Amino acid sequence: MLEALRDRVSLRSAATIALLVATVVGLARFTASSRTHNHCTALQQDGWWADAQALVWQPPGCTLKKYTREDVRTCFEYSETETISPGASKDREPKPSSKKSHAPYALFIGDSSVRNKFYALTRIIDPEFAERETADESKKHANIAFHWPEDFADGGALAAQFVWDPLLTSSTTVQVLAGAYNQTLQQPALLVAGSGAWYLRYGNTTGGVDAWRRAMYVVSQSIAASQRPQGWKIADHLYVAPVARVVPTQLNDARRETLTPEAVATMNGYMRAAQLPLFDAWDAMLVGQQQQTQDGIHYSAALEARAINVLLNRICNRATVSRDAPPFRTTCCFAYPAPRWPQISAFAAVLLVIPLLVAIKSRRLRDPTRSSQKPDWFVSCTPSVDVLWKIAQFGAVLLAMYVCDRTPLFDKIHKHFVAWVFVLLLLLAIAVPAALAWVLIVWLTMRVVPAANRRLRLLSLKIVISAAVVVAVNRLHLWPFALLLRLGIRWVPHEWEFRFGTDIFIVYVGMAVAAVVRLHGQQLQAHPRWPQLYRWAILCSVLALPGYFWFELTRPNKFVYNHWHPYISFIPILSFVVLRNATASLRARSSHAMAFAGRISLELFIAQYHLFLAADTKAVLVLLHPRLWFANLLLVSLVFVGMCQLLAATSAAICSWLMAPLATTEQNHADVIPMSEVPSDSRPAALDRLASDPPVAARTVNWAIATGATVVNSLAARWALGFGALLLLNDKYYN
1 MLEALRDRVS
11 LRSAATIALL
21 VATVVGLARF
31 TASSRTHNHC
41 TALQQDGWWA
51 DAQALVWQPP
61 GCTLKKYTRE
71 DVRTCFEYSE
81 TETISPGASK
91 DREPKPSSKK
101 SHAPYALFIG
111 DSSVRNKFYA
121 LTRIIDPEFA
131 ERETADESKK
141 HANIAFHWPE
151 DFADGGALAA
161 QFVWDPLLTS
171 STTVQVLAGA
181 YNQTLQQPAL
191 LVAGSGAWYL
201 RYGNTTGGVD
211 AWRRAMYVVS
221 QSIAASQRPQ
231 GWKIADHLYV
241 APVARVVPTQ
251 LNDARRETLT
261 PEAVATMNGY
271 MRAAQLPLFD
281 AWDAMLVGQQ
291 QQTQDGIHYS
301 AALEARAINV
311 LLNRICNRAT
321 VSRDAPPFRT
331 TCCFAYPAPR
341 WPQISAFAAV
351 LLVIPLLVAI
361 KSRRLRDPTR
371 SSQKPDWFVS
381 CTPSVDVLWK
391 IAQFGAVLLA
401 MYVCDRTPLF
411 DKIHKHFVAW
421 VFVLLLLLAI
431 AVPAALAWVL
441 IVWLTMRVVP
451 AANRRLRLLS
461 LKIVISAAVV
471 VAVNRLHLWP
481 FALLLRLGIR
491 WVPHEWEFRF
501 GTDIFIVYVG
511 MAVAAVVRLH
521 GQQLQAHPRW
531 PQLYRWAILC
541 SVLALPGYFW
551 FELTRPNKFV
561 YNHWHPYISF
571 IPILSFVVLR
581 NATASLRARS
591 SHAMAFAGRI
601 SLELFIAQYH
611 LFLAADTKAV
621 LVLLHPRLWF
631 ANLLLVSLVF
641 VGMCQLLAAT
651 SAAICSWLMA
661 PLATTEQNHA
671 DVIPMSEVPS
681 DSRPAALDRL
691 ASDPPVAART
701 VNWAIATGAT
711 VVNSLAARWA
721 LGFGALLLLN
731 DKYYN
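Letter by letter, the sequence shown follows residues 1 to 735 in UniProt numbering.
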């Protein structure tokens with residue numbers, strides 16, 4: 001039964017069905033709200049640790065950007081109103097605010113937990129300031145001001161300010177909530193406020209939880225009033241920090257009696273019910289991170305850095321992430337660009353044009369009234385129905401890649417390390433582009449002075465010269481990267497030169513071995529000492545493999561090994577080849593999985609960036625729930641490999657159609673109607689037309705048709721035209 005099912009359901013069919021089901025589910029849960037499908041709300045409210053030890057935070061369905069000091073400055077310069085108030089829609093679009101007369105800055109008001117967020121922001125801009133201030137005990141319960149460094153445009157201007165107000169009742173807090181700004185206290189671009197721990201710790205003097213509720217009620221009402229049509233503006237971005245979770249086992253005795261997890265949970269629940277703009281993700285980030293705190297209430301600088309980075313992703317991605325063209329380094333709170341004309345044209349071709357051509361051609365082929373002696377220009381000028389369907393399938397897969405990678409329909413999450421997937425993608429990413437370049441180099445080496453290929457000495461000289469030229473080009477940075485960039489091909493020169501140079505000699509070793517085997521293989525096997533050489537080769541190969549790995553593993557670091565790799569990489573390759581051919585039994589063995597992967601290696605390499613990885617290799621595509629990462633890995637792998645197999649089959653059919661020879665002159669003459677079949681009353685007119693010279697316009701058209709037929713019938717011309725069209729499309733798309 002399983003074998004019958006396997007015969008009926010191919011890998012391509014299973015992958016197509018899985019992708020269609022995932023698309024239907026994705027469309028069912030997709031909403032038109034930009035704040036929802038762009039993951040802005042989810043980024044603020046939830047998340048989990050993809051790697052708790054390395055502190056890799058995973059928001060629901062998107063990937064984070066790591067912010068730098070320049071990014072923070074760009075963010076603050078971006079004027080945008082996005083204050084979320086009680087009862088207000090969290091999905092509304094922000095309205096642009098008026099340009100401020102002062103440099104934008106961030107204002108933090110609250111207790112020590114909020115102060116740690118302030119220090120985390122300053123560490124991004126000026127790490128020395130944060131270290132200096134945290135070491136100053138006099139600043140523990142004081143206001144702190146941080147100014148932009150002098151290397152910024154607004155050097156010396158206020159960048160961030162912390163106001164010590166653990167109860168949120170100071171005159172400064174009241175002034176901020178009322179929007180009563182002046183020259184002394186100016187409107188901030190970002191406001192973060194938080195309170196709670198002091199009400200619990202010093203309940204006898206502060207009034208405890210009841211007093212905290214009254215203070216938070218004032219905050220809630222002030223925010224609500226500011227959002228009314230005649231209200232005032234508090235800040236471009238306003239968030240309330242949750243009360244930090246405590247670790248009772250690490251609290252001192254005095255704190256353990258008052259700072260209880262139950263009280264903290266009650267406070268956070270109250271703020272959620274009051275619909276305050278609570279940054280709930282900060283609360284989720286403390287789950288399971290007991291090792292990140294030493295006193296049970298204050299957490300490490302590394303964790304606070306992740307927390308402030310999530311906040312910056314929430315408010316800054318609109319300003320710091322380019323939407324013009326890929327690569328897109330983040331997918332959180334990010335609006336994907338609208339489809340351009342290439343995508344729109346592809347959608348129209350796949351959904352409308354090709355099905356219409358198939359319908360018209362099928363109807364004409366089945367029409368019995370059309371004479372077989374009179375060829376149909378439409379039938380003869382269009383591809384066969386089978387090729388048209390292959391083109392439609394090819395376009396459908398490309399559109400699926402676009403939808404998966406360049407739209408918010410499917411989620412993207414940070415990559416998990418899975419050994420076999422890592423090895424597969426690493427080999428594909430490195431091997432396939434280099435292999436294409438090496439194929440061209442080998443072809444040129446053998447194509448120049450082909451007569452020398454029959455003599456081993458001359459061929460060896462050609463190989464040495466080719467190796468010297470390629471090494472010089474790579475070492476002297478002579479690759480034509482400027483031309484590639486002009487054509488819209490974005491390549492990293494350093495990365496290419498490093499990857500290409502790592503195995504720069506192994507191809508020439510292979511050419512030398514192939515030359516010896518091809519030109520003198522029979523003489524070697526007929527030599528009297530061949531059996532002895534055969535045994536020595538096997539013995540050396542058995543010893544060389546462990547010796548190579550011992551040498552590799554005993555190098556101090558990868559940089560030292562990278563220096564040696566070009567000169568020793570041929571050792572395991574030749575050893576494997578010798579052992580693979582050592583006996584008839586080994587020669588008869590092969591790997592079906594490797595053969596299958598080899599047949600679709602090009603498709604695997606290209607599609608991995610859109611159907612397996614996403615966000616330009618920075619994330620993994622999600623077809624299921626983001627937390628089900630292993631099940632998602634299996635499903636995405638099925639879709640990935642199946643679509644690659646479909647791409648390989650369709651591209652091969654399309655290539656065969658494009659490169660196939662056109663009809664010969666004799667075949668074209670066969671379609672001409674003989675004079676004997678022309679009706680007798682029409683023959684004089686036909687003879688007159690043949691005898692008279694055609695008009696100039698007709699001669700021009702005939703010449704154009706003949707010239708076009710000659711060009712199109714040339715394989716080289718068709719290849720050049722197709723390659724030029726692809727380069728032109730690529731250049732127009734990116735530039």
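Heads up, the beta-carbon is just placed ideally off N, CA and C, and yes, glycines get one too. No experiment lies behind these values; they were computed from the predicted model shown.
- In the structure shown, Y508 falls within a helical segment according to DSSP collapsed to helix, strand and coil.
- In the three-state DSSP reduction, G642 falls in the helix class (H, G or I).
- With respect to the 8 angstroms criterion, I125 and V72 are classified as neighbours on the basis of their beta carbons.
- Taking W530 as the centre and dropping the five residues before and after it, the same chain places the C-beta of L524 closer than 7 angstroms to its C-beta, in chain order.
- DSSP places L191 in no alpha helix (DSSP H) but in the uninterrupted beta strand (DSSP E) bounded by 190-194.
- Residue environment for L621: buried (at least 16 other C-beta atoms within 10 angstroms of its C-beta).
- Membership of W148 in any alpha helix (DSSP H) is not indicated, and neither H nor E is assigned to it by DSSP.
- The DSSP-derived three-state label of T293 is strand.
- By the neighbour-count criterion, in which 16 or more other beta carbons inside 10 Å mark a residue as buried, I223 falls on the buried side.
- For G110, the uninterrupted beta strand (DSSP E) segment begins and ends at 106-110.
- In the DSSP secondary-structure assignment, H237 is bridged to L190.
- Collapsing the DSSP output to three states places K65 in coil.
- Secondary structure of V397 (DSSP, three-state): helix.
- For V620, the enclosing beta strand (DSSP E) covers residues 619-622.
- When secondary structure is reduced to three states using DSSP, F410 falls in the coil class, being assigned neither helix nor strand.
- Here P166 is near D111, since their CB atoms are less than 8 angstroms apart.
- Rounded to whole angstroms, the gap between the alpha carbons of Y119 and F410 is 35 angstroms.
- The DSSP-derived three-state label of V56 is strand.
- Fewer than three beta-carbon pairs drawn from the region 549-562 and the region 600-610 are found closer than 8 angstroms, and the two stretches are therefore not classed as touching.
- About 12 angstroms separates the beta carbon of V287 from that of V264, a gap too long to meet the 8 angstroms contact definition.
- Taking C-beta atoms as the reference points, K117 and A241 count as a pair closer than 8 angstroms.
- With contact defined as three or more Cβ pairs closer than 8 angstroms, the region 387-402 and the region 639-651 are in contact.
- When beta bridges are read from the DSSP output, A160 appears opposite A106, F146.
- Of the candidates P355, L728, L729, L628, the residue whose Cα lies closest to the Cα of A50 is L628.
- One Cα belongs to F596, the other to G269, and the distance between them is close to 55 angstroms.
- Under the three-state reduction of DSSP output, W48 falls in the strand class.
- The residues A392, G395, A396, L399, in chain order, have a CB closer than 7 angstroms to that of V350 in the same chain once the five nearest residues on each side in sequence are set aside.
- Here A106 is not near A153, since their CB atoms are 8 angstroms or more apart.
- The beta-carbon distance between S637 and L579, rounded to whole angstroms, is 31 angstroms. This is too long to meet the 8 angstroms contact definition.
- Straight-line measurement puts the Cα of W198 at about 21 angstroms from the Cα of A273.
- In the displayed model, Y119 falls within a helix according to three-state DSSP.
- A distance of 8 angstroms or more separates the beta carbons of A305 and A235.
- Between G47 and A281 a beta carbon distance of about 5 angstroms is seen, short of the 8 angstroms cut, so the two are scored as contacting.
- For M511, the closest C-alpha among the options I538, V439, S575, P546 is that of V439.
- In this structure, DSSP gives L356 a helical state, which the three-state scheme calls helix.
- Exposed is the label assigned to R366, since fewer than 16 other Cβ atoms lie within 10 Å of its Cβ.
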